[in-house]
Each structure stands twice: as structure tokens, then as C-alpha cells.
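Peer 1:
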DNA sequence: GAGATGCTTCGGTTACGGTCGAAGTATGAA
DNA sequence: TTCATACTTCGACCGTAACCGAAGCATCTC
């Protein structure tokens with residue numbers, strides 16, 4: 001009966017609506033303060049404080065104290081991956097409803113600081129198709145031509161290599177049910193697109209809004225066919 | 226605030242210990258009756274009945290009525306994948322404890338009817354290394370030499386192709402944190418190993434017990450290095 | 001038919017946990 | 001120092017949901 005890890009503990013943690021809202025808010029990858037998260041969750045600061053303590057204790061969040069603020073973020077990428085997979089199950093259930101906001105989210109959104117949604121899987125597919133990315137056993141690997149490509153694109157690979165975090169990771173997209181690029185390279189690619197003013201974050205949601213020239217440039221940079 | 230799919234609903238579903246036990250029991254891939262699951266969950270049949278209805282309603286389980294029995298199984302592979310990813314998070318927290326039963330589970334266990342654990346990822350790595358398996362964008366793909374290999378191994382590929390279910394899928398292993406082979410081929414490979422009497426299922430847990438000659442044969446069939 | 005077995009519905013109890021108000025502790029600003 | 005802001009602790013309230021006993025269907029066996 002007692003089998004492997006206790007799955008119900010962590011699921012209960014995610015199961016409360018307030019805590020789920022907190023986690024969802026942090027899926028963007030940014031760190032937020034306790035009060036910001038309280039607003040996001042729709043509860044008072046006292047209540048949020050309790051929830052946050054539980055989430056940290058449960059290993060889902062990490063916390064950094066800065067002056068009188070406390071910044072919370074997802075503990076690591078695995079948490080984001082697990083949350084996305086739960087979203088996949090959840091969206092399955094109510095596959096009927098597709099609000100207008102949903103459409104924007106499905107097209108492009110931020111997932112732990114990298115690009116997800118339709119455009120996210122398109123970029124991944126395009127990179128793979130041109131053998132800039134090779135899908136190895138565990139994780140995608142950037143090929144030599146791939147390294148040249150992303151450098152040309154404006155990403156400082158040396159800086160990324162210096163970081164201890166894995167360069168490439170794959171993440172299953174809940175809306176597309178296909179893989180997109182995560183890891184530090186995924187983050188860097190999105191950051192570069194923001195730098196190029198292709199895209200802007202919606203501060204109300206996880207949606208990413210590509211402007212006209214951004215869309216054109218994206219299609220040119222990451223063609224698929 | 227209202228973002229994408231409602232993650233808390235499905236997480237709450239998994240969060241109850243009784244329901245978590247039910248889901249974990251079904252991770253083997255076999256279908257079980259309501260009373261069997263009641264025993265597994267450690268609750269009375271009435272209580273289990275309610276839980277099962279909720280799980281079906283929530284889209285996590287599928288049910289088939291057969292005479293006066295009701296057989297329950299996971300709704301689809303995505304559920305198993307999501308559960309495994311949650312186990313990954315849960316095992317993170319209590320990384321200290323490693324019971325003797327845990328060791329067997331980590332070595333080899335059944336995950337939705339396919340081989341998981343250390344030996345599962347070894348098989349996957351071995352197949353990939355010899356280019357029997359190619360890791361494509363979304364899912365692994367069996368190469369031509371790979372088709373020859375598994376046929377030689379004793380798997381009826383024609384029968385699998387005829388099924389509508391995907392042949393190859395990858396599944397993230399919670400104990401190894403690496404990929405192993407899922408999909409109908411994954412199931413067929415394990416079935417064939419049972420047929421060859423390499424391995425036996427433990428009916429108390431998800432553990433798979435390889436006997437002496439099974440271990441030797443496995444190492445020979447799926448070398449890695 | 002009668003009896004057994006598998007599953008479900010109902011009602012009532014119980015307990016856990018989410019919530020907020022009020023008060024308390026840190027940190028920074030004036 | 002004094003005040004404001006950010007967060008936490010405490011206590012009390014309340015609602016939900018998990019649970020089981022008892023009774024009710026449905027299906028199979030004899």
C-alpha cells in the first residue's frame with residue numbers, strides 16, 4: 001500500500017485554490033513578494049503568509065530575503081514541469097471552453113521565463129529541423145551550427161555556459177501537447193526577443209504579445225515546414 | 226488572476242490520501258475492481274465508491290463495467306506521466322529516507338505497464354546509443370534497425386502498428402530523473418520479458434523482480450557504455 | 001425462486017484546514 | 001526617535017469533505 005514517494009502531500013499543497021494561484025503566478029519565472037502574491041491569490045497577507053510558508057516547507061518554492069521584502073520563486077524547473085503537466089490534465093477535462101484570453105495564452109505565453117505556447121513549439125521544431133538542436137536521450141543538445149546560430153541571434157553563450165543551470169531542457173506544452181525549449185538557453189532566447197522589442201509581457205497574465213514586426217521577424221528567424 | 230486551466234481542481238483530486246493510493250495502485254497499468262481499490266486505499270467500499278466516481282468525473286480514470294464488477298484504470302498515459310512528475314517533486318523533499326522496499330522500486334518497477342526505474346532508463350539509453358531509437362521532436366522514433374531489433378527480440382510490431390495508440394512515448398522517471406520508454410512498444414517490451422521469464426511482478430507493490438538469468442540476459446540485450 | 005456478492009445512495013458525525021481580525025516583530029524612511 | 005511598511009503569529013470561526021453504518025439496487029449463482 002505504501003508505495004514510493006508520498007504524492008498526496010505535494011498534490012494537497014497544489015490543490016488549494018489560493019496556493020494554486022500563487023504557483024501559477026510564479027510560473028512566469030519572476031520572483032514576487034509576499035504581498036504581491038497575496039493579491040494574486042486573492043487572500044489577505046496573513047493567509048498568504050501561511051500558504052507561502054507551507055509551499056517553502058514542501059519544497060515547491062524558494063525564498064530570498066531582501067530588506068523587509070521576501071521574494072518567492074519556484075524552487076526549480078521541475079516544479080514548473082510538473083505544474084504544466086497538471087495543466088495538461090486539467091485542460092483535458094474542460095476541453096470545451098476556450099475564452100478569448102485563452103487564445104492569447106495558447107499562442108504565446110511565458111513559462112518559467114521561457115517561451116511557451118504555439119510559437120514556443122514552433123521555435124523548438126524549427127531549431128530541431130535545421131539540426132541546430134539535437135534531441136538526445138535526456139535533454140536537447142545544441143549542435144555546433146546551433147551554437148553559431150544562437151550567437152548570431154545575439155545570445156551570449158559563454159555567459160550561459162558559465163552558469164551551473166542546464167543549458168537546454170525540454171518542457172511539455174500543455175496547450176500544444178508538444179515539446180518546447182526550456183533551460184537557460186530558453187530563457188536567454190526569450191530575453192533576447194524582448195531586447196529586440198519583438199514581444200512584450202502582459203502584466204495581467206502570462207500571455208506574451210508579439211507586435212507586427214516581431215511576428216514577421218519571428219517567422220523569418222524560426223521558419224518551419 | 227484566472228489563468229489557463231484550473232490546476233487546483235485536479236490537484237485536489239490527487240491530494241486526498243485515499244485517492245492518491247488508488248491512483249498509485251493503478252500506475253501498474255492493470256485495471257482493478259472497486260473493492261480491490263477500496264482495500265488498496267484503506268477505506269470501506271462506500272467511501273471508495275465516492276472517490277472513484279469523482280476520479281472518473283474528473284477525467285483521471287476510465288471505467289468499464291463487466292457483469293457485477295466495475296474495472297477502473299487510468300484514463301490515459303498522460304495521467305501516469307503527470308503522476309510520475311508529482312512523485313519526482315515528492316521524492317525531492319524526503320530525499321533522505323530510502324527504505325529497502327524503495328531500493329527495489331528504484332531498480333525496476335512497472336509504470337503504466339512498462340518498465341521503469343534504473344533498468345528502464347538503461348534500456349532506453351541502450352536503444353538510443355545503438356540508434357535503434359531516435360529522439361525526435363515530440364517522441365522517440367523506432368529506426369529501421371530498431372524495428373529489426375525488437376522484432377528479433379520477439380515483439381510483434383505489425384500488431385502494435387495496427388493499434389491506434391502511439392508506439393513510442395517517453396516518460397520521465399521519478400527515481401532516476403531520466404527518460405524511459407513508454408507507449409505501446411514499452412508495454413510490449415515488458416510483456417515479452419515476462420514471457421521469457423526474465424522478470425516477475427510483485428503483487429504487493431509496483432516492484433519488478435528480475436531473476437538471475439533474467440538479469441544476465443537483460444544486461445546482454447541492453448548493454449550500455 | 002432464494003441467497004450471496006458487488007456496488008451505490010443516504011444521513012449524520014467528525015475533523016481538518018482555510019479564512020480573517022487583532023496584535024506583534026522586523027526593517028527602512030524621515 | 002518616530003512613523004510607516006512588510007511580514008508573521010495567535011485565536012476564533014466556519015465550511016467543506018472524508019468517513020462509516022445502514023439500507024437499497026443490480027447482477028450472478030444455485
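Residue numbers (the working numbering), protein chains in the order written: chain S, 1 to 225; chain V, 226 to 450.
Even for Gly, the Cβ is constructed at its ideal location relative to N, Cα and C.
1. Name the DSSP beta bridge partners of residue 142 of chain S, please?
2. Answer yes or no: do residue 72 of chain S and residue 63 of chain S have a C-beta to C-beta separation smaller than 7 Å?
3. Is residue 341 of chain V closer than 7 Å to residue 301 of chain V when the C-beta atoms are compared?
4. How big is the Cα-Cα spacing for residue 163 of chain S and residue 74 of chain S?
5. With a Cβ-Cβ cutoff of 7 Å, do residue 146 of chain S and residue 132 of chain S count as a contact?
6. Entirely within the stretch 26-92 of chain S and at least 3 residues each: give me those beta strand (DSSP E) ranges in chain order.
7. Apart from the five residues on each side of it in sequence, which residues of its chain come closer than 6 Å, Cβ to Cβ, to residue 319 of chain V?
8. Going by DSSP, what residue range makes up the alpha helix (DSSP H) through residue 10 of chain S?
9. Does the distance from the C-beta atom of residue 266 of chain V to that of residue 256 of chain V stay below 7 Å?
10. Taking the beta strand (DSSP E) that residue 334 of chain V belongs to, which residues open and close that run?
11. Please give the ranges of any alpha helix (DSSP H) in the stretch 371-426 of chain V, keeping only runs that are unbroken, at least 4 residues long and fully inside the region.
12. Which one of S:35, S:85, S:23 and S:36 has the shortest CA to CA distance from residue 59 of chain S?
13. Identify, in the order they occur along the chain, each residue of the same chain with its Cβ nearer than 7 Å to the Cβ of residue 413 of chain V, setting aside the five sequence neighbours on each side.
14. Along the alpha helix (DSSP H) that carries residue 218 of chain S, what are the first and last residues, could you check?
15. Could you check whether the Cβ of residue 113 of chain S sits closer than 7 Å to any Cβ belonging to chain V?
16. Whole-angstrom Cβ separation of residue 91 of chain S and residue 175 of chain S, contact assumed at under 8 Å?
17. Pick helix, strand or coil for residue 225 of chain S, following the three-state DSSP scheme.
18. On a CA-only basis, which of S:225, S:214 and S:128 is nearest residue 108 of chain S? Give me that one, please.
19. Check the C-beta distance from residue 364 of chain V over to residue 409 of chain V and give it rounded, since I have them as a contact under 8 Å.
20. Cβ closer than 7 Å: which chain V residues qualify as neighbours of residue 78 of chain S?
21. Who are the near neighbours of residue 201 of chain S in its chain, counting only those whose CB is closer than 7 Å to its CB and skipping five residues on each side?
22. I'd like to know whether the C-beta of residue 233 of chain V is nearer than 7 Å to at least one C-beta of chain S.
23. Need the endpoints of the beta strand (DSSP E) that residue 341 of chain V sits in, please.
24. Find the residues of chain S that neighbour residue 247 of chain V, judging by a C-beta separation of less than 8 Å, and give them in chain order.
25. Using beta carbons (cut-off 7 Å, strictly below), is residue 103 of chain S in contact with chain V?
26. Output yes or no for whether 7 Å exceeds the beta carbon distance between residue 329 of chain V and residue 7 of chain S.
27. Would you check if the distance between the CB atom of residue 354 of chain V and the CB atom of residue 447 of chain V is smaller than 7 Å?
28. Quick one: residues in its chain with C-beta nearer than 6 Å to the C-beta of residue 415 of chain V, no 5 flanking neighbours on either side, listed in chain order?
29. For residue 407 of chain V, collect the residues of the same chain with a Cβ closer than 6 Å to its Cβ; drop the 5 residues on either side in sequence, then sort them by chain order.
30. Would you tell me roughly how many angstroms separate the C-alpha atoms of residue 12 of chain S and residue 216 of chain S, rounded to the nearest one?
31. Residues in its own chain within less than 8 Å of residue 43 of chain S by CB, not counting five upstream and five downstream?
32. Say whether chain S places a C-beta atom closer than 7 Å to the C-beta of residue 428 of chain V.
33. Can you tell me which of S:210, S:219 and S:224 puts its alpha carbon nearest to the alpha carbon of residue 106 of chain S?
34. Once the 5 residues before and after residue 218 of chain S are set aside, which same chain residues still bring their CB inside 7 Å of it?
Peer 2: Looking at the atomic coordinates:
1. DSSP lists S:133 as partners of residue 142 of chain S.
2. Their beta carbons are under 7 Å apart, which means residue 72 of chain S touches residue 63 of chain S by this criterion.
3. Residue 341 of chain V is positioned such that its CB atom lies no closer than 7 Å to that of residue 301 of chain V.
4. Their Cα atoms are separated by approximately 18 Å.
5. Yes, these two residues count as a Cβ contact at 7 Å.
6. Whole beta strand (DSSP E) segments, 3+ residues: 61-66 and 69-74.
7. The pLDDT assigned to residue 319 of chain V is 47, lower than 50, so where the model puts this residue is not dependable; a value taken from the coordinates is nonetheless given after this. Answer for residue 319 of chain V: no residue qualifies.
8. Run containing residue 10 of chain S: 7-15, per the alpha helix (DSSP H) assignment.
9. If you check the CB distance, residue 266 of chain V and residue 256 of chain V do not come in under 7 Å.
10. 334-336 is the extent of the beta strand (DSSP E) around residue 334 of chain V.
11. Within the stretch 371-426 of chain V, the complete alpha helix (DSSP H) runs of at least 4 residues fall at 382-387 and 408-420.
12. Taking residue 59 of chain S as reference, the option from S:35, S:85, S:23 and S:36 with the minimal CA-CA separation is S:23.
13. 380 and 385, listed in sequence order.
14. Unbroken alpha helix (DSSP H) run through residue 218 of chain S: 212-221.
15. Residue-level contact by beta carbon fails for residue 113 of chain S and chain V, as no gap is shorter than 7 Å.
16. Approximately 7 Å separates the beta-carbon atoms of residue 91 of chain S and residue 175 of chain S; this is inside 8 Å, confirming the contact.
17. Correct three-state label for residue 225 of chain S: coil.
18. Relative to residue 108 of chain S, the option among S:225, S:214 and S:128 whose CA is nearest is S:214.
19. With 8 Å as the limit, residue 364 of chain V and residue 409 of chain V do not qualify as a contact, their Cβ atoms being about 12 Å apart.
20. Near residue 78 of chain S (Cβ distances below 7 Å), the residues of chain V are 313 and 314.
21. 110 and 208.
22. Yes, residue 233 of chain V lies at the interface with chain S (some Cβ there is under 7 Å from its Cβ).
23. Start and end: 339-341.
24. Chain order gives no chain S residues near residue 247 of chain V, where near means a beta carbon separation below 8 Å; the closest approach is about 11 Å.
25. No, because no Cβ of chain V sits closer than 7 Å to the Cβ of residue 103 of chain S.
26. Cβ atoms of residue 329 of chain V and residue 7 of chain S: not closer than 7 Å.
27. In this structure, residue 354 of chain V keeps its C-beta atom at 7 Å or more from the C-beta atom of residue 447 of chain V.
28. Contacts found: 339 and 340.
29. Closer than 6 Å at the Cβ level, and outside the excluded window around residue 407 of chain V, lie 339, 394 and 396.
30. Pairing residue 12 of chain S with residue 216 of chain S, the inter-Cα distance amounts to about 44 Å.
31. Answer for residue 43 of chain S: 18 and 51, listed in chain order.
32. Cβ-Cβ to chain S under 7 Å: no for residue 428 of chain V.
33. Taking residue 106 of chain S as reference, the option from S:210, S:219 and S:224 with the minimal CA-CA separation is S:210.
34. Around residue 218 of chain S: 119, 198 and 210.
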